[in-house]
Structures are given as structure tokens and as C-alpha cells.
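Under the UniProt record's numbering, the letters of the sequence shown match residues 1 to 701, in that order. Cβ coordinates follow ideal geometry from the N, Cα and C atoms, glycine included. Only a predicted model underlies this, so the values are computations on that prediction, with no experimental measurement involved. First the structure, in the form of C-alpha cells, and then the observations on it.
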Amino acid sequence: MRLLNTKSFQLEEFHADIPPYAILSHTWEKEEVSFQDIQDLNVAKGKKGWKKVQSACAYARRYKFDWIWIDTCCIDKSSSAELSEAINSMYPYYRGARVCYAYLCDASSEEDPRDVRSGFKRSRWFERGWTLQELIAPRYVVILDKDWKEIGTRWSLGDAISAITSIPVQVFKHGDIEKFSIAQKMSWAASRKTTRPEDMAYCLMGIFGVNMSPIYGEGGEKAFMRLQQEIIKYSDDRSIFAWITSPQSRHPQETRGLLAKSPREFRVSGEVGISESGIVGDKSSFSFGNNGLHIHLPLVKAIGLGDDVFLAPLHCRTNDGRYVGLYLQRTNGNRCVRFLPDRLTFVDPDTPPNGTDYSLTELVVKESLFSRRHEEELPEHDQVIKFHIKLPAQQITFVRGRRDNPVLDWDFNHDCDLNTTTVRISPMGFGEVTSAGLEYQTQTGEEFLITLQVQRGNFPEIHMQNRDTGWLGYRSPQITVRRKPFYVDRILLPFVDTNAMLSCALQMTGDPLENILELDYIPKNDPRIICMTRVLRPPVIGFMVYRKLFRFRSPLFFQEIFPPDFLTKTDSLSCYVSIPDFDGTPNSMHRVIACKIPDLYKDRVIYVALGLHESGMPWTDIIAPSNGHLQTEEVWRSYLDSGSRAKKRQRCQTSASAALNYLWDSLNVTATIEERTTLQLGSHFLKLEVCSTKQRSLSAP
Numbered sequence: 001m002r003l004l005n006t007k008s009f010q011l012e013e014f015h016a017d018i019p020p021y022a023i024l025s026h027t028w029e030k031e032e033v034s035f036q037d038i039q040d041l042n043v044a045k046g047k048k049g050w051k052k053v054q055s056a057c058a059y060a061r062r063y064k065f066d067w068i069w070i071d072t073c074c075i076d077k078s079s080s081a082e083l084s085e086a087i088n089s090m091y092p093y094y095r096g097a098r099v100c101y102a103y104l105c106d107a108s109s110e111e112d113p114r115d116v117r118s119g120f121k122r123s124r125w126f127e128r129g130w131t132l133q134e135l136i137a138p139r140y141v142v143i144l145d146k147d148w149k150e151i152g153t154r155w156s157l158g159d160a161i162s163a164i165t166s167i168p169v170q171v172f173k174h175g176d177i178e179k180f181s182i183a184q185k186m187s188w189a190a191s192r193k194t195t196r197p198e199d200m201a202y203c204l205m206g207i208f209g210v211n212m213s214p215i216y217g218e219g220g221e222k223a224f225m226r227l228q229q230e231i232i233k234y235s236d237d238r239s240i241f242a243w244i245t246s247p248q249s250r251h252p253q254e255t256r257g258l259l260a261k262s263p264r265e266f267r268v269s270g271e272v273g274i275s276e277s278g279i280v281g282d283k284s285s286f287s288f289g290n291n292g293l294h295i296h297l298p299l300v301k302a303i304g305l306g307d308d309v310f311l312a313p314l315h316c317r318t319n320d321g322r323y324v325g326l327y328l329q330r331t332n333g334n335r336c337v338r339f340l341p342d343r344l345t346f347v348d349p350d351t352p353p354n355g356t357d358y359s360l361t362e363l364v365v366k367e368s369l370f371s372r373r374h375e376e377e378l379p380e381h382d383q384v385i386k387f388h389i390k391l392p393a394q395q396i397t398f399v400r401g402r403r404d405n406p407v408l409d410w411d412f413n414h415d416c417d418l419n420t421t422t423v424r425i426s427p428m429g430f431g432e433v434t435s436a437g438l439e440y441q442t443q444t445g446e447e448f449l450i451t452l453q454v455q456r457g458n459f460p461e462i463h464m465q466n467r468d469t470g471w472l473g474y475r476s477p478q479i480t481v482r483r484k485p486f487y488v489d490r491i492l493l494p495f496v497d498t499n500a501m502l503s504c505a506l507q508m509t510g511d512p513l514e515n516i517l518e519l520d521y522i523p524k525n526d527p528r529i530i531c532m533t534r535v536l537r538p539p540v541i542g543f544m545v546y547r548k549l550f551r552f553r554s555p556l557f558f559q560e561i562f563p564p565d566f567l568t569k570t571d572s573l574s575c576y577v578s579i580p581d582f583d584g585t586p587n588s589m590h591r592v593i594a595c596k597i598p599d600l601y602k603d604r605v606i607y608v609a610l611g612l613h614e615s616g617m618p619w620t621d622i623i624a625p626s627n628g629h630l631q632t633e634e635v636w637r638s639y640l641d642s643g644s645r646a647k648k649r650q651r652c653q654t655s656a657s658a659a660l661n662y663l664w665d666s667l668n669v670t671a672t673i674e675e676r677t678t679l680q681l682g683s684h685f686l687k688l689e690v691c692s693t694k695q696r697s698l699s700a701p
């Protein structure tokens with residue numbers, strides 16, 4: 001492994017005894033500093049990318065890192081052998097780093113990262129293929145803005161990152177991605193892109209724990225096929241078959257097998273869990289031969305699709321407990337192809353739809369799975385652990401150290417000039433805890449306690465408590481940082497009496513035995529309080545709205561969604577709209593979509609309301625103004641209790657119509673909510689239908 005010295009900017013190669021290092025995650029820009037460039041600093045400093053290298057090293061030095069890994073200059077890309085090794089080692093590189101600095105060149109720390117209009121929400125960093133493993137693999141990720149100022153961490157912004165990437169927050173909290181199915185992990189990459197098509201497969205090798213040689217020029221589809229073949233050597237998870245093609249595929253009659261062509265085809269599979277054995281039992285394994293995939297699948301004839309079409313359950317559950325299945329068409333003997341590959345239907349694996357039994361065939365041997373939990377070396381029993389607690393100038397004052405047990409081996413020193421408290425703790429015997437207590441007071445009189453606990457054989461723990469009345473009483477529960485491979489790295493402590501807050505940031509350093517705690521006092525009415533305490537909640541229901549109107553030349557255009565939806569996902573074919581969770585105002589649990597219907601003579605705008613009634617039922621309404629455009633926000637407000645359309649919301653209608661009047665004709669626009677019957681994003685879909693007085697049907701799927 002080649003590392004860059006953060007002080008001298010010299011490269012050094014390490015084969016063993018790799019020192020603690022930071023690692024940079026970023027998106028490539030113009031004139032990045034290459035391996036060849038860094039050999040001559042005069043050349044490197046002439047590149048636009050030098051500022052990025054320099055800033056990354058400066059940030060790492062700030063936290064006592066002597067070494068950093070930056071892909072642009074630490075890999076000799078002119079060597080195909082080294083490039084192949086680096087691509088296969090990328091996940092371990094990021095997993096082995098003490099900290100990962102994710103640099104978002106198009107985001108600002110001045111913005112609320114949970115604002116749908118923020119640069120953080122729109123950052124390219126969330127769209128690139130390689131940054132997926134760079135987000136997941138490290139044990140600690142600090143997210144920096146264009147000026148190298150901290151926006152937050154993967155822990156503190158987990159809800160927002162989850163909303164952007166569709167990766168469950170549990171991945172960021174626990175780090176065990178083996179609990180998630182192949183389909184789920186593929187879905188995390190579905191909306192990402194790479195410059196070279198083959199990299200869309202190569203960037204996922206680490207996520208699935210497989211290795212293969214990169215062959216640039218083989219094409220994206222072939223590379224992704226090789227990736228899936230490597231995965232099934234080690235896994236019998238049948239969710240790898242839970243993918244769908246585009247409903248508007250350019251080749252609707254194309255014959256497909258059981259493997260997907262790209263991660264994009266797993267775009268709706270984020271809720272498909274790991275397959276269960278079910279009727280397959282001990283015949284769950286499958287393998288890839290020169291004549292196709294050898295597998296045991298339960299089959300039953302599909303109703304109404306022909307005698308040669310069968311339904312095959314995959315024994316994978318969705319979030320709501322339903323099982324998914326796919327259709328197969330028999331071509332010759334036991335040979336089959338995928339039928340209707342643009343859908344995954346819901347099935348009952350125990351009760352076939354036509355009352356007959358499922359049938360099975362063939363056997364293969366299963367390879368054992370291996371766990372890739374993040375491992376971190378525990379400190380030795382005789383090593384002293386050091387904490388530096390940095391206080392904001394004039395805002396927080398050190399009061400005293402508490403030593404409840406005089407036998408405990410720890411000491412501290414407070415430097416008034418640096419406003420920093422340094423604590424040194426020696427672990428005691430196994431099972432015994434060394435605890436150090438430090439009391440502080442804010443400029444407005446709030447008192448709080450920081451407790452540092454060290455136990456031999458475990459990671460240090462950091463506790464923060466508000467001071468209650470009297471010197472001995474402290475409020476509970478405690479707010480805790482637990483130093484485990486994945487741990488809380490940002491915590492907020494509220495002061496109830498003054499409505500102020502205390503922020504504590506745990507920073508990793510280049511020394512595994514040294515920790516930095518950065519405290520910050522946030523007074524009441526500070527806008528940062530809202531940004532830091534607001535949490536994005538998962539939606540109650542979601543709707544898929546398709547752009548394409550059947551038998552209509554031009555698609556719909558979604559001009560605006562109000563309120564802006566952080567979870568909205570759009571592409572060339574559809575738009576996913578979520579309905580927010582209950583926040584105490586059930587009458588506001590709706591959104592309005594402004595849709596433009598293109599026309600040869602005059603474009604028209606309709607407004608579709610989608611919501612969740614207090615009873616838990618979805619509802620919709622549609623408005624087609626005859627003259628001009630309406631303000632989308634005003635339409636949304638009209639459905640509140642005080643609005644003119646409140647009764648329509650309370651009616652809980654699942655279908656609504658409106659007339660579009662033209663000089664030559666009158667069109668009737670109907671919006672209908674239907675519960676999903678196949679796997680898709682969201683629990684429902686919105687069917688838009690446009691019919692003229694001549695009964696010309698122009699409906700969305």
C-alpha cells in the first residue's frame with residue numbers, strides 16, 4: 001500500500017506494519033494530481049488538483065495524521081497490474097483507514113443538509129459509483145464542504161444520507177452489510193454512474209466481498225454478468241434474481257435469463273430481503289454452467305399466460321411481509337427464459353394460485369459465507385489512553401475533576417491558554433472500569449459532566465450529563481458515545497432551562513490511543529439548533545407516478561412538488577413521491593404535484609393532490625384550471641382544514657377527475673390511486689388517464 005506523507009508530500013510504500021492513516025473520498029475534477037505528478041512537487045503544484053491534495057493533508061495533520069491515502073496520486077494507473085490490485089483492494093483500503101474524509105466540492109456547511117434545495121442533497125458525491133463503498137466501508141466518515149469545513153459525519157447525518165442514497169440507517173450504525181440481501185445492496189448502486197461502463201461492476205466488488213480482474217473494453221453488461229457469477233459462487237441468496245427491466249424497454253421482446261444487465265435493474269429491490277429456504281429446503285444452491293444457470297426453483301403454471309409460462313417464487317420477503325416471484329417460460333425440456341422481465345409479482349410460496357403443488361429439480365453444493373464486520377485492534381492493557389477536550393473560547397469553563405474512587409489510575413491537566421483539558425487513563429484489570437469525571441460550566445451558568453470510562457479489553461466510552469439541582473444529582477438517561485467499530489461520533493446535550501445546546505464532536509487522530517473531543521456551545525435561537533436536531537423520518541406511504549401517457553406522444557412534465565420532498569426520486573420514466581410521517585398535524589400529510597401536459601397548440605398544467613387521510617387511507621384530487629397557472633403552494637394550502645378544498649381531503653376519495661376544455665375538444669383527466677400488485681418503489685401508484693369526448697384513451701400505466 002502506498003501512502004502520502006501529510007507534511008513532506010512524499011509517497012512511501014508499506015507492505016506490512018501499515019501506520020494509522022486517513023483516506024480521502026471525493027469526485028474527480030479537472031487536472032487531478034497523478035502518481036507521476038506527485039514525484040515532482042513543482043509539477044504537482046501547477047495542477048488545479050493540488051489545492052485538494054494540500055487541503056486534505058492539512059486537515060489530516062490537524063488531527064495528527066502523518067499519512068493519508070488519495071487515489072489520484074497513490075495509484076500508478078500506468079501499470080495495469082497495480083491498477084488491478086488497487087481496484088480489488090479499494091474496499092479494504094477504506095475499511096482499514098482510521099477515518100475517511102468525504103470531500104463534497106459542490107456543498108456548503110452554511111446550508112441545512114436536510115434542506116431539499118441544499119448542495120449536500122444534490123452533491124455529485126452521492127451519484128458516483130465508486131463513492132458507494134467509500135461511504136459504507138470506513139468505520140468513521142467526516143463529510144467536508146467545498147471549503148474543507150465540516151458539514152457533519154455519517155453518524156450525525158445518517159437520516160439524510162439514507163434518504164438520498166436509499167441505504168438503511170442501520171448500515172451506518174452497525175456496519176454489518178451481510179444482514180442485507182444481494183438485491184438490497186445492488187439497489188444502493190442503481191442510480192449511480194461511472195465514467196467507464198465496466199466500473200459500474202468493478203466498484204461493487206468490495207461490497208460483495210468478491211475479486212475479479214478488471215478488463216476494460218469488455219463492456220458494462222459483460223462486466224456486471226461476471227460480477228454476478230462471482231457472487232453466486234459464495235452465496236445462495238436468490239434475491240439476486242429480484243430485478244426488473246424498464247417498462248418502456250427498447251427491446252420489450254428480448255429474451256432474458258435470470259441475471260441482470262446492470263445495477264439499474266435493481267432500482268425497486270431495496271426492500272427485498274435475503275431468501276428463505278422454503279420449499280427449496282437443502283436444494284437452495286445454484287451454479288453457473290456453460291449452458292446457463294443450474295438451479296432448483298419451485299414452479300407452478302401461471303394463470304392466463306399460456307401453458308408454457310410458470311410462476312416461480314424466490315422466497316424473498318418485502319418490508320410488508322409479502323413474497324416476490326418471477327415468471328419463466330419453458331423453451332425446451334427443462335430450459336427456460338425469463339418471461340415478463342419488467343415485473344416481479346407478489347406470490348404466496350405455500351399456496352399456489354391455481355391450487356396445484358409446486359415442483360422442483362437439481363442440486364448444487366453451497367460455498368460457506370464469510371463475515372466482513374469491521375475489526376479494530378483493541379488497546380493493550382498497559383497502554384495509557386489520552387483524551388484532549390477542547391473548549392470554545394470564553395463559552396465553557398473548566399470547573400474541576402471528579403475522582404469518586406481514589407484508587408483509579410488517571411490524571412488530568414487543564415491548559416487555560418489553550419482552553420483544553422487533557423486526561424490520561426490507565427485501564428485496570430479485566431472487568432474493572434476506570435472512570436474519570438470532568439465538570440464544566442457554560443457562560444450562562446449551565447453545568448454538565450463529562451465521564452470518560454476505560455475498561456481493559458473494551459473500547460473507551462464517553463458519557464455526557466446535564467447537571468441537576470445539587471452537586472450529586474444528574475439527569476438521566478445519559479447521552480453516550482461508545483467507542484466501537486461503529487460508534488456515535490456526534491452528540492447533542494440539551495439544556496432545558498435555557499433552550500441552549502452543547503455539541504460534542506469526537507475526532508479520530510493518527511494515534512489510536514489518542515482522542516479529541518471538540519465541544520461547542522450553541523445558544524438558543526441559533527439556526528444551527530434546527531439543522532442539528534431535525535431528523536428525517538421514513539414516509540408512511542409513497543406513490544409512483546409515471547411520466548409516459550399511454551398512446552400519447554409527449555410525456556408528462558413534473559414542474560413542481562410541494563412541499564418539496566427530500567425522498568423524491570425521478571428519472572426519465574417516473575417520479576416517486578413520499579407522504580411524510582405523522583407530525584401532529586394530520587391534515588398536512590399530503591403533497592401537490594404540478595404536471596404539464598404538452599399539446600401541439602397550448603400546454604396545460606394540472607395539479608394532482610396525493611395524501612394520507614387521518615384514517616390511514618390514501619386519497620387524491622385533481623385540479624385543471626381553465627385560465628393560467630396556480631401557485632402550487634396555494635393549492636396545497638387549500639386542502640388544509642381552513643382551506644376551500646378541505647372536504648375533498650376528508651372525503652378520502654381514491655379517484656378524482658377534472659375537465660380540460662379546448663376549442664376543438666374537451667378532455668377529461670382522471671387520477672386514480674391503486675395499491676401496488678408488483679414490486680415497485682412505494683406502496684401505491686397513481687394512474688393518470690386522459691380521455692376525450694371521442695373516447696380516445698390516453699392513460700398512464
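> Alpha carbon to alpha carbon, how far is Tyr234 from Gly206?
Replying inline: The sequence position of residue 234 within the sequence shown is 234, counting from 1. The sequence position of residue 206 within the sequence shown is 206, counting from 1. Whole-angstrom Cα-Cα distance: 14 Å.
> Near Arg604, which residues of its chain fall below 8 Å by C-beta distance, leaving aside the five closest residues on each side in sequence?
Replying inline: Position 604 of the sequence shown, counting from 1, holds the residue named residue 604. Cβ within range, chain order: Lys596, Ile597, Ala624 and Leu660.
> Cα-Cα, which of Glu32, Phe288 and Phe65 is closest to Ser8?
Replying inline: By one-based count along the sequence shown, residue 8 stands at place 8. Looking at the Cα atoms, Phe65 is the closest of the given residues.
>> Quick check: what's the CA-CA separation for Asp565 versus Val116?
In response: The sequence position of residue 565 within the sequence shown is 565, counting from 1. The sequence position of residue 116 within the sequence shown is 116, counting from 1. When rounded, the distance between both Cα atoms is 7 Å.
>> Considering Cα atoms alone, identify which of Ile396, Ser426 and Thr195 is closest to Cys416.
In response: As a first step, residue 416 is located in the sequence shown; it is residue number 416 there, counting from the start. Answer by Cα proximity: Ile396.
>> Between which two residues does the beta strand (DSSP E) holding Leu610 run?
In response: For the purposes of this step, residue 610 is taken as the residue at position 610 of the sequence shown. Its beta strand (DSSP E) spans residues Arg604 to Leu612.
> Taking Cβ positions, are Val33 and Thr72 nearer each other than 7 Å?
Replying inline: Here residue 33 corresponds to residue number 33 of the sequence shown, with the count starting at 1. Here residue 72 corresponds to residue number 72 of the sequence shown, with the count starting at 1. Cβ atoms of Val33 and Thr72: closer than 7 Å.
> Along the chain, which unbroken stretches of the beta strand (DSSP E) at least 3 residues long are found entirely within the stretch 126-166?
Replying inline: Segments of the beta strand (DSSP E) lying fully in the stretch 126-166: 141-144 and 150-153.
> How should Asp145 be labelled, buried or exposed, when 16 other C-beta atoms within 10 angstroms of its C-beta is the threshold for buried?
Replying inline: Counting from 1 along the sequence shown, the entry for residue 145 is found at position 145. With 16 or more other Cβ atoms inside 10 Å of its own Cβ, Asp145 counts as buried.
>> With three or more C-beta pairs closer than 8 Å as the rule, is the stretch 297-313 touching the stretch 207-224?
In response: no
> When the Cα atoms are used, what is the spatial distance from Asp76 to Ala86?
Replying inline: Locating residue 76 in the sequence shown gives position 76, counting from the first residue. Locating residue 86 in the sequence shown gives position 86, counting from the first residue. Near 9 Å, if we compare the C-alpha coordinates of Ala86 and Asp76.
> What residue does the alpha helix (DSSP H) around Gly49 start on, and which one ends it?
Replying inline: Here residue 49 is taken as the residue at index 49 of the sequence shown, counted from 1. DSSP places Gly49 outside any alpha helix (DSSP H), giving it a letter other than H or E.
> Would you say Ser657 and Asn668 are within 7 Å of each other, going by their C-beta atoms?
Replying inline: Position 657 of the sequence shown holds residue 657. Position 668 of the sequence shown holds residue 668. Going by C-beta atoms, Ser657 is nearer than 7 Å to Asn668.
>> Please report the straight-line C-alpha distance between Val364 and Gln383, rounded to a whole angstrom.
In response: In the sequence shown, residue 364 corresponds to position 364, counting from 1. In the sequence shown, residue 383 corresponds to position 383, counting from 1. The predicted model places Val364 with a pLDDT of 30, which falls under 50 and marks its position as unreliable, so this point remains unresolved.
> Given Tyr103, which residues of its chain have a CB within under 6 Å of its CB, disregarding the five upstream and five downstream residues?
Replying inline: Taking the sequence shown and counting its residues from 1, the one referred to as residue 103 is at position 103. His26 and Leu144, listed in sequence order.
> Identify the residues that DSSP records as bridge partners of Ile450: which are they?
Replying inline: Residue mapping note: residue 450 aligns to position 450 of the sequence shown, counting from 1. Looking at the DSSP assignment, Ile450 forms a beta bridge with Leu438 and Met464.
> In angstroms, rounded to a whole number, what distance separates the CA positions of Lys648 and Ile622?
Replying inline: Taking the sequence shown and counting its residues from 1, one reaches residue 648 at position 648. Taking the sequence shown and counting its residues from 1, one reaches residue 622 at position 622. Going by the C-alpha atoms only, they are around 10 Å apart.
>> Cutting at 6 Å between CB atoms, please list the residues of its own chain near His613, excluding the five before and the five after it.
In response: If you number the sequence shown from 1, residue 613 lands on position 613. Annotation for His613: Trp619 and Cys652 place their beta carbon closer than 6 Å to its own, counting only its chain and skipping 5 residues before and after.
> Residues in its own chain within less than 6 Å of Arg402 by CB, not counting five upstream and five downstream?
Replying inline: Counting from one through the sequence shown, the residue named residue 402 turns up at place 402. Taken in chain order, the residues that qualify are Gly437.
> Do Val210 and Ser239 have their C-beta atoms closer together than 7 Å?
Replying inline: To locate residue 210, count along the sequence shown from 1; it is residue 210. To locate residue 239, count along the sequence shown from 1; it is residue 239. In this structure, Val210 lies away from Ser239, with their beta-carbon atoms at least 7 Å apart.
>> Less than 8 Å between C-beta atoms, sequence neighbours within five positions excluded: which residues of the same chain meet that for Asn539?
In response: For this step, residue 539 is matched to residue 539 along the sequence shown. The amino acid occupying residue 539 in the given sequence is Pro; Asn does not appear at that position. Closer than 8 Å at the Cβ level, and outside the excluded window around Pro539, lie Leu567, Ser578, Ile579, Pro580 and Asp581.
>> If you reduce the DSSP assignment to three classes, tell me which class Leu369 lands in.
In response: Along the sequence shown, read from residue 1 onward, the residue named residue 369 stands at position 369. Note on Leu369: pLDDT 42, under 50, position unreliable in the model; the coordinate value appears next. In the structure shown, Leu369 sits in coil (DSSP, three-state: anything other than H, G, I, E or B).
> Sorted by chain position, which residues of the same chain lie with C-beta nearer than 7 Å to Val268's C-beta, five sequence neighbours on each side aside?
Replying inline: Position 268 of the sequence shown, counting from 1, holds the residue named residue 268. The answer, listed in chain order, is Ile244, Leu679, Gln680 and Leu681.
>> Judging by CA-CA distance, which residue of Phe562, Leu344 and Ile385 is the nearest neighbour of Ile516?
In response: If you number the sequence shown from 1, residue 516 lands on position 516. Checking every option, the nearest Cα to that of Ile516 belongs to Ile385.
>> I'd like to know if the stretch 92-112 and the stretch 183-193 are in contact, where contact means that at least 3 CB-CB pairs between them fall below 8 Å.
In response: no
> So what's Leu41 in DSSP terms, helix, strand or just coil?
Replying inline: Sequence index remark: in the sequence shown, residue 41 carries index 41 (1-based). Three-state DSSP puts Leu41 in a helix.
> Is Ser246 helix, strand or coil by DSSP?
Replying inline: Taking the sequence shown and counting its residues from 1, one reaches residue 246 at position 246. It is coil, neither helix nor strand.
>> The alpha helix (DSSP H) that contains Arg637, what's its start and end?
In response: Here residue 637 refers to the residue found at position 637 when the sequence shown is read from its first residue. Unbroken alpha helix (DSSP H) run through Arg637: Thr632 to Arg637.
> Taking the continuous beta strand (DSSP E) assigned at Gly292, which residues delimit it?
Replying inline: Locating residue 292 in the sequence shown gives position 292, where the first residue counts as 1. Note, Gly292: beta strand (DSSP E), Gly292 to Ile295.
>> Please state whether the Cβ-Cβ distance between Leu686 and Phe543 is less than 7 Å.
In response: Here residue 686 corresponds to residue number 686 of the sequence shown, with the count starting at 1. Here residue 543 corresponds to residue number 543 of the sequence shown, with the count starting at 1. Going by C-beta atoms, Leu686 is nearer than 7 Å to Phe543.
> Does the beta-carbon of Arg154 have 16 or more other beta-carbons within 10 angstroms, so that it is buried, or is it exposed?
Replying inline: Sequence index remark: in the sequence shown, residue 154 carries index 154 (1-based). Its Cβ being crowded by 16 or more others within 10 Å, Arg154 is buried.
> Mind checking Val496: buried by the 16 CB within 10 Å criterion, or exposed?
Replying inline: Indexing the sequence shown from 1 puts residue 496 at position 496. Exposed, because fewer than 16 other Cβ atoms sit within 10 Å of the Cβ of Val496.
> To the nearest angstrom, how far is it from the Cα of Val169 to the Cα of Met508?
Replying inline: The residue you call residue 169 lines up with position 169 of the sequence shown. The residue you call residue 508 lines up with position 508 of the sequence shown. Roughly 22 Å separates the two Cα atoms.
>> In the DSSP assignment, the beta strand (DSSP E) including Tyr216 goes from what residue to what residue?
In response: Here residue 216 refers to the residue found at position 216 when the sequence shown is read from its first residue. Per DSSP, Tyr216 is not a residue of any beta strand (DSSP E), being assigned neither H nor E.
> Thinking just about the alpha-carbon of each residue, which of His388, Thr131 and Ile167 is nearest to the one in Thr194?
Replying inline: Locating residue 194 in the sequence shown gives position 194, counting from the first residue. Minimum Cα-Cα distance from Thr194 among the listed residues His388, Thr131 and Ile167 corresponds to Thr131.
>> Which of the three DSSP states is assigned to Ile579 in this structure?
In response: The residue given as residue 579 occupies position 579 in the sequence shown. It is a strand residue.
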